[in-house]
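Q: Right, I'll just put the structure down here and ask away after.
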Amino acid sequence: MLLLGCSNDEKDCCTFIDTAITIKYLNAEGENLFEVANGYKLSELTVYHNINGVWERYYEGNLDYPKGLNTVETDGGVELIVFPSTNMVENHISETKIQFSESESDIIKSQIEKSGSTEIVTKVWYNNELKWENNQAERAFQIIK
Numbered sequence: 002m003l004l005l006g007c008s009n010d011e012k013d014c015c016t017f018i019d020t021a022i023t024i025k026y027l028n029a030e031g032e033n034l035f036e037v038a039n040g041y042k043l044s045e046l047t048v049y050h051n052i053n054g055v056w057e058r059y060y061e062g063n064l065d066y067p068k069g070l071n072t073v074e075t076d077g078g079v080e081l082i083v084f085p086s087t088n089m090v091e092n093h094i095s096e097t098k099i100q101f102s103e104s105e106s107d108i109i110k111s112q113i114e115k116s117g118s119t120e121i122v123t124k125v126w127y128n129n130e131l132k133w134e135n136n137q138a139e140r141a142f143q144i145i146k
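My numbering runs 1 ahead of the 1-based position in the sequence shown.
Here it is in structure tokens:
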């Protein structure tokens, strides 16, 4: 015999965070911008989170990816993994800015559903263009620069 029970007084037992966004950057010729000469380098990227209307540089030295970024090598080449801000600007939307150089930056808006200790990205906009919704498989897309 198996008995299971729940109580409304119980706190969430587990933390589940699913926010990573995978982006493949290509130039007009279809070359991966993380693999070409004079292309992007993870060490040169800076991340900012919109906190109460102010872009604040993001760096958390205690995390595995303190800049909120990582690269991963796939069969299709190098892809950037972005861990977006979970600080809501409005209507469950957060804003994360990636600065590639002094003159080049892009903004990712993420719709994040929070429930208890669960956070899940359900939509992603890149420079105000909807790039991913939760009815699609993998939270990944390409950007041509």
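Don't be surprised by glycine CBs; every beta carbon is placed ideally from N, CA and C.
Given the structure is predicted, the values throughout are model-derived calculations rather than measurements.
1. Look at the alpha carbon of Glu57 and the alpha carbon of Ser111, and state the distance between them as a whole number of angstroms.
2. Should Glu74 be flagged as near chain C, meaning a C-beta pair shorter than 8 Å?
3. What does the alpha-carbon distance come out to for the pair Leu5 and Gly117?
4. So for Leu34, helix, strand or coil by DSSP?
5. Just verifying my parser: in three-state terms, what is the DSSP assignment at Ser44?
6. Quick check on DSSP: helix, strand or coil for Leu64?
7. Leu81 to Asn135, Cα distance in whole Å?
8. In whole angstroms, give me the CA-to-CA distance for Glu45 and Gly77.
9. Whole angstroms are fine: how far does the CA of Leu64 sit from the CA of Ser106?
A: Looking at the coordinates:
1. Along the sequence shown, one-based indexing puts residue 57 at 56. Along the sequence shown, one-based indexing puts residue 111 at 110. About 17 Å.
2. Judged by its chain identifiers, the structure shown contains no chain C, having just a single protein chain.
3. Here residue 5 refers to the residue found at position 4 when the sequence shown is read from its first residue. Here residue 117 refers to the residue found at position 116 when the sequence shown is read from its first residue. Residue confidence for Leu5 is low, a pLDDT of 46 falling below 50, so the modelled location carries little weight; the figure read from the coordinates is stated next. For Leu5 and Gly117, the distance between alpha carbons rounds to 21 Å.
4. The residue given as residue 34 occupies position 33 in the sequence shown. Three-state result, Leu34: coil.
5. Within the sequence shown, residue 44 is the residue found at index 43, counting from 1. The answer is helix: DSSP assigns Ser44 an H, G or I state.
6. Here residue 64 refers to the residue found at position 63 when the sequence shown is read from its first residue. If DSSP states are grouped into helix, strand and coil, Leu64 belongs with coil.
7. Reading the sequence shown from its first residue, position 80 is the one you call residue 81. Reading the sequence shown from its first residue, position 134 is the one you call residue 135. Rounded to the nearest angstrom, the gap between the Cα atoms of Leu81 and Asn135 is 19 Å.
8. For this step, residue 45 is matched to residue 44 along the sequence shown. For this step, residue 77 is matched to residue 76 along the sequence shown. Straight-line Cα distance between these residues: approximately 22 Å.
9. On the sequence shown, residue 106 is found 105 positions in, with the first residue counted as 1. On the sequence shown, residue 64 is found 63 positions in, with the first residue counted as 1. Rounded to the nearest angstrom, the two C-alpha atoms are 24 Å apart.
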